[in-house]
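Take a look at the structure below.
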Amino acid sequence: MLKKEQEKEVGNVGKIKPNLKENEKHVRDTLSVCPVCYKLLPTTIFERDGKIWMRKVCEEHGEFEQLYWGDAEMYYRAMKFEAKPRRVEITYTKLTLPCPFSCGLCPIHQTQTILGNIVVTNRCDLSCFYCFFYAERANYVYEPTQEEYRQMLRQLRKQAPLYSMAIQLTGGEPLVREDIVDLLRIAKEEGFYHVQLNTNGIKFAQEGGVELAKKIKKAGVSTIYLSFDGIDPKINFKNHWEIPYVLDAFRKAEITSVVLVPTVIKGWNTHEVGRIVKFAALNNDVIRGINFQPVSFVGTMPRDEIEKQRITIPEVINLIEEQTNGQITHDSWYPTPVVDIFTNFIEAFTGEEQQHWTIHPACGMATYAYVDKSSKEVKFAPINEFVDVDGLLEYLKEETEEIRKGKNKKLITAKAVLKFRSFIKKEPKTFSFSKQLYNMFIAKKHNEAIYSFHMNFLYLGMMHFQDPYNYDLQRVMRCGIHYVMPDGRVVPFCTFNVFPDIYRDTTQKRFSYNIEEWKKLHGEKSIGDAIKYRRDLRKLSSGEIYKRTYEPFLNLQ
Numbered sequence: 026m027l028k029k030e031q032e033k034e035v036g037n038v039g040k041i042k043p044n045l046k047e048n049e050k051h052v053r054d055t056l057s058v059c060p061v062c063y064k065l066l067p068t069t070i071f072e073r074d075g076k077i078w079m080r081k082v083c084e085e086h087g088e089f090e091q092l093y094w095g096d097a098e099m100y101y102r103a104m105k106f107e108a109k110p111r112r113v114e115i116t117y118t119k120l121t122l123p124c125p126f127s128c129g130l131c132p133i134h135q136t137q138t139i140l141g142n143i144v145v146t147n148r149c150d151l152s153c154f155y156c157f158f159y160a161e162r163a164n165y166v167y168e169p170t171q172e173e174y175r176q177m178l179r180q181l182r183k184q185a186p187l188y189s190m191a192i193q194l195t196g197g198e199p200l201v202r203e204d205i206v207d208l209l210r211i212a213k214e215e216g217f218y219h220v221q222l223n224t225n226g227i228k229f230a231q232e233g234g235v236e237l238a239k240k241i242k243k244a245g246v247s248t249i250y251l252s253f254d255g256i257d258p259k260i261n262f263k264n265h266w267e268i269p270y271v272l273d274a275f276r277k278a279e280i281t282s283v284v285l286v287p288t289v290i291k292g293w294n295t296h297e298v299g300r301i302v303k304f305a306a307l308n309n310d311v312i313r314g315i316n317f318q319p320v321s322f323v324g325t326m327p328r329d330e331i332e333k334q335r336i337t338i339p340e341v342i343n344l345i346e347e348q349t350n351g352q353i354t355h356d357s358w359y360p361t362p363v364v365d366i367f368t369n370f371i372e373a374f375t376g377e378e379q380q381h382w383t384i385h386p387a388c389g390m391a392t393y394a395y396v397d398k399s400s401k402e403v404k405f406a407p408i409n410e411f412v413d414v415d416g417l418l419e420y421l422k423e424e425t426e427e428i429r430k431g432k433n434k435k436l437i438t439a440k441a442v443l444k445f446r447s448f449i450k451k452e453p454k455t456f457s458f459s460k461q462l463y464n465m466f467i468a469k470k471h472n473e474a475i476y477s478f479h480m481n482f483l484y485l486g487m488m489h490f491q492d493p494y495n496y497d498l499q500r501v502m503r504c505g506i507h508y509v510m511p512d513g514r515v516v517p518f519c520t521f522n523v524f525p526d527i528y529r530d531t532t533q534k535r536f537s538y539n540i541e542e543w544k545k546l547h548g549e550k551s552i553g554d555a556i557k558y559r560r561d562l563r564k565l566s567s568g569e570i571y572k573r574t575y576e577p578f579l580n581l582q
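When we follow our numbering, the leftmost residue of the sequence shown carries the number 26, and every step to the right adds one.
Shown next, in the form of structure tokens:
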């Protein structure tokens, strides 16, 4: 529920434009919010000391200054790839209040859903001290019925010209639902090509875990989005001991598309990012990628605490370069909207409508690294060691314009086959760029080319979700990761979670059961201590699977 001062200020706009100070260079202007009262505030993005900052001033609560991007050079490079925004043709709400207080999607949103999220439960088998979302702490159970869930999937499919074909089931912990296999199958039935499961993985490490993994694979799960905050058990107290057994279950079930998801907190696990990359590489028969998420802060926090823990995308990228001995370089990373260059070319070339990744460049970065395990020490080679990525991207943009002007496609095709090869610097041992570029753009075997690439390269992604302190309306208007809510609204990630008292919690509570109602319907053993995981530390840490998995990293003698 909103506080009185927030109710009063939601939708109002402040009048103070922040001033630049000595040795500060103006970058752009945007709107943000006051972290205390939610009033919209004119905000200045500026450069100082080689970093990008934001400043905003609330008439009542004073000045707020936040680090926006920790490397100005990387920021300017990322912004060169900004994609032309597009309006979403099918929206779900009217613009009754200024952005971000009319989300659902509203008519001024500029990116359609790329990945849809559905919260399938707020129950969880853990009770992490930092989490306010799980049922016992929220004091209600939110768990949509299968029919409500199906309706939310269908709501996503209304988007035009293309609906998102990717959906993620999240929580809470989705695996506490006994009908999780049915939910995955329903997503496939409703036409979703990519079905992703966001989980702590612990159920797979328990008795029956292999059978569960086999069932979800058969039901159509595409990717497991697996929480993993580090190697050190003092850092990753959530699932360090279980992860080896989780990966073992995936191997036995032949699940080969796992993405590790570390939340990165400055001073907590920043020394672990290189080891996380190495861990993924050593297990790349099942782990296909890592999506690092620099921490975002929800709720009010002392400013000095935020400054101590705040880390941004370029800082994590630089740490990865440092901790991989310079192998995965900072210049091998590209912002998310580069995907739009590829989709524009494919759309122009094939005449088939494609999804457009018009996400803001400051939202995320990514790269791919070839993994070489032929010697004792694992080695990495980033994508730009093999391909002139900048040259290829520029060429694709030029050819897209040529096709749109009505130039002969057959002539462009013949030229492209030869030209693509000129961007290849060298071929890795187990993958042919020449063949897969041909498959991608000429033979129209897009999925085959993408699959082959992911089987040979490790994906490294970086997605920094916003909080009230670093909120940028230009980013949220281009958000492509959306939550579908039970009332039919489709809400950007960075409004759903940043303003839980307006969107997430308020809406879910309307469709929830209080704890006692839930117990009457589902029994005492469906909530509380009865579903909480109890770790047998001695058994887990003495197992051969545990020792074998962590032997390269920990002294297990």
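Ideal placement from N, C-alpha and C gives every residue a C-beta, glycine not left out.
- Query: Cα separation between Gln70 and Val501?
  - Reply: Position 45 of the sequence shown, counted from the start, is the residue given in the question as residue 70. Position 476 of the sequence shown, counted from the start, is the residue given in the question as residue 501. The residue you asked about is not Gln; residue 70 is Ile in the sequence shown. Approximately 16 Å between the Cα atoms of the pair.
- Task: Report the three-state DSSP secondary structure of Thr595 (helix, strand or coil).
- Result: Because residue 595 is not part of the residues shown, which for the chain are 26 to 582, the question remains open.
- From which residue to which residue does the beta strand (DSSP E) around Ile428 run? For this step, residue 428 is matched to residue 403 along the sequence shown. Note, Ile428: premise wrong, no beta strand (DSSP E); alpha helix (DSSP H) at 414-429.
- Query: For Tyr270, does the three-state DSSP call read helix, strand or coil?
  - Reply: For this step, residue 270 is matched to residue 245 along the sequence shown. Three-state result, Tyr270: helix.
- Going by C-alpha distance, which of Gln379, Phe482, Lys572 is nearest His471? For this step, residue 471 is matched to residue 446 along the sequence shown. When each option's Cα is compared against that of His471, the closest is Gln379.
- Applying the criterion that 16 or more other CB atoms from any shown protein chain within 10 Å of the CB defines a buried residue, is Tyr155 buried or exposed? Here residue 155 corresponds to residue number 130 of the sequence shown, with the count starting at 1. Exposed: under 16 other Cβ atoms inside 10 Å.
- Between the Cα of Tyr117 and the Cα atoms of Leu130, Cys124, Pro110, which residue gives the shortest distance? If you number the sequence shown from 1, residue 117 lands on position 92. Considering only alpha carbons, the answer is Leu130.
- So the alpha helix (DSSP H) Trp543 belongs to, where does it begin and stop? As a working note, residue 543 is residue 518 in the sequence shown. Counting along the chain, the alpha helix (DSSP H) containing Trp543 begins and ends at 540-547.
- Message: I need the boundaries of the beta strand (DSSP E) containing Val283, first residue and last residue.
- Response: Residue 283 sits at position 258 when you count from the first residue of the sequence shown. Unbroken beta strand (DSSP E) run through Val283: 283-286.
- Message: Would you call the segment 159-179 in contact with the segment 103-114, where contact means no fewer than 3 C-beta pairs closer than 8 Å?
- Response: no
- Item | Inter-residue spacing [alpha-carbon to alpha-carbon] between Glu215 and Arg175 | Position 190 of the sequence shown, counted from the start, is the residue given in the question as residue 215. Position 150 of the sequence shown, counted from the start, is the residue given in the question as residue 175. Approximately 8 Å, taken between the alpha carbons.
- Message: Using 7 Å as the threshold, is the C-beta distance between Pro362 and Pro339 below it?
- Response: Residue 362 sits at position 337 when you count from the first residue of the sequence shown. Residue 339 sits at position 314 when you count from the first residue of the sequence shown. The answer is no: Cβ separation not under 7 Å.
- Between Arg503 and Thr383, what straight-line distance do the alpha-carbon atoms span, to the nearest angstrom? By one-based count along the sequence shown, residue 503 stands at place 478. By one-based count along the sequence shown, residue 383 stands at place 358. So the two alpha carbons sit approximately 7 Å from each other.
- Measuring alpha carbon to alpha carbon, tell me which of Tyr393, Gly389, Glu372, Val412 ends up nearest Lys429. Numbered from its first residue, the sequence shown carries residue 429 at position 404. Here the sequence assigns Arg to residue 429, which means Lys is not the residue at that position. Among Tyr393, Gly389, Glu372, Val412, the Cα nearest to that of Arg429 is on Glu372.
- Could you tell me the distance, in whole angstroms, from the CA atom of Ile290 to the CA atom of Lys303? By one-based count along the sequence shown, residue 290 stands at place 265. By one-based count along the sequence shown, residue 303 stands at place 278. C-alpha separation (whole angstroms): 19 Å.
- Query: Nearest to Leu27 by alpha carbon, out of Ser567, Thr532, Leu562?
  - Reply: Translated into positions along the sequence shown, residue 27 becomes position 2. The candidate whose alpha carbon is nearest that of Leu27 is Thr532.
- Name the one or two DSSP bridge partners that Ser57 has. In the sequence shown, counting from the first residue as 1, residue 57 sits at position 32. Per DSSP, Leu66.
- Straight-line Cα distance separating Pro132 from Pro511: The residue labelled residue 511 in the question sits at position 486 within the sequence shown. The residue labelled residue 132 in the question sits at position 107 within the sequence shown. Whole-angstrom Cα-Cα distance: 20 Å.
- Straight-line gap, Phe217 to Thr55 (C-alpha atoms, nearest Å): As a first step, residue 217 is located in the sequence shown; it is residue number 192 there, counting from the start. As a first step, residue 55 is located in the sequence shown; it is residue number 30 there, counting from the start. The alpha-carbon atoms of Phe217 and Thr55 are separated by roughly 35 Å.
- Under a three-way DSSP split, which group does Gly568 fall into? Numbered from 1 along the sequence shown, position 543 holds the residue referred to as residue 568. Residue state, collapsed to three classes: coil.
- Residue ranges of each alpha helix (DSSP H) within the segment 182-246, 4 or longer: 205-214, 227-230, 234-244
- Message: If I follow the unbroken beta strand (DSSP E) through Pro319, where does it start and stop?
- Response: Here the question's residue 319 lines up with position 294 in the sequence shown. Segment 312-319, the beta strand (DSSP E) holding Pro319.
- Item | Minimum C-alpha distance to Asp329 - residue among Glu232, Met79, Phe89, Asn44 | One-based indexing of the sequence shown puts residue 329 at position 304. The shortest C-alpha separation from Asp329 is found at Phe89.
- Message: For Thr455, count the other beta carbons within 10 Å of its own beta carbon; 16 or more makes it buried, fewer makes it exposed. Which is it?
- Response: In the sequence shown, the residue the question calls residue 455 occupies position 430. With fewer than 16 Cβ atoms within 10 Å of its Cβ, Thr455 is classed as exposed.
- Measure the C-alpha to C-alpha separation of Glu377 and Phe367 and round it to an integer number of angstroms. Position 352 of the sequence shown, counted from the first residue, corresponds to residue 377. Position 342 of the sequence shown, counted from the first residue, corresponds to residue 367. Spanning the two alpha carbons is a distance of roughly 13 Å.
- Query: Gly36 by DSSP, collapsed to three states: which one?
  - Reply: Position 11 of the sequence shown, counted from the start, is the residue given in the question as residue 36. In this structure, Gly36 counts as coil in the three-state DSSP scheme.
- What's the gap between the Cα of Val286 and the Cα of Ile77? Looking up residue 286 in the sequence shown gives position 261. Looking up residue 77 in the sequence shown gives position 52. Distance between the alpha carbons of Val286 and Ile77 is about 26 Å.
- Just to confirm, are Asn407 and Ala391 a CB contact at a threshold of 7 Å? Here residue 407 refers to the residue found at position 382 when the sequence shown is read from its first residue. Here residue 391 refers to the residue found at position 366 when the sequence shown is read from its first residue. What sits at residue 407 in the sequence shown is Pro, not Asn. No, they are not a contact pair.
- Item | CB of Val509 within 7 Å of CB of Leu237, strictly | Counting from 1 along the sequence shown, the entry for residue 509 is found at position 484. Counting from 1 along the sequence shown, the entry for residue 237 is found at position 212. No, Cβ-Cβ distance for Val509 and Leu237 is not below 7 Å.
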